[in-house]
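Numbering (my numbering), first residue to last: 192 to 273.
Heads up, the beta-carbon is just placed ideally off N, CA and C, and yes, glycines get one too.
These notes are about the structure you will find just below.
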Amino acid sequence: MAGISLTQIGSSGIQSGLEQAQRAAQDIARVGAGDADQQNSSLNSLVESSVDLLQAKNQVQASAQVVNAGDEMLGTIIDTIA
């Protein structure tokens, strides 16, 4: 039952990616105006959070492909047995 396992792994990856995206989005929303030192720090935080958001997007996309692969494998197994 590799298809079920792949589906579970993919779903877990999607959930993890969505959680990472939510954290990054919250960090981006927190970036505010302040003095020069604070703005420089905020800019670095914004860049890091933007990278985290892109990583989360890629993780969700890759995990969705894992789920699709599991579905296709399961479909092939069912077709072969039937």
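Does DSSP put residue i in a helix, in a strand, or in coil?
i: Ala-220; result: helix
i: Met-192; result: Low confidence applies to Met-192: its pLDDT is 48, below 50, so where it sits in the model is not reliable enough to give any reading.
i: Ala-212; result: helix
i: Thr-253; result: In the sequence as presented, Thr is not what sits at residue 253; that position holds Ala. DSSP places Ala-253 in helix when its eight states are reduced to three.
Using the beta-carbon count (16 or more within 10 Å), is residue i buried or exposed?
i: Ser-240; result: buried
i: Ala-247; result: buried
i: Leu-245; result: exposed
Of all the options the options, which has the alpha carbon lying nearest to the alpha carbon of residue i?
i: Gln-217; options: Gln-256, Asp-243 and Ala-255; result: Asp-243
i: Val-222; options: Gly-204, Gln-213 and Ser-233; result: Ser-233
i: Gln-206; options: Asn-235, Thr-271 and Asn-249; result: Asn-249
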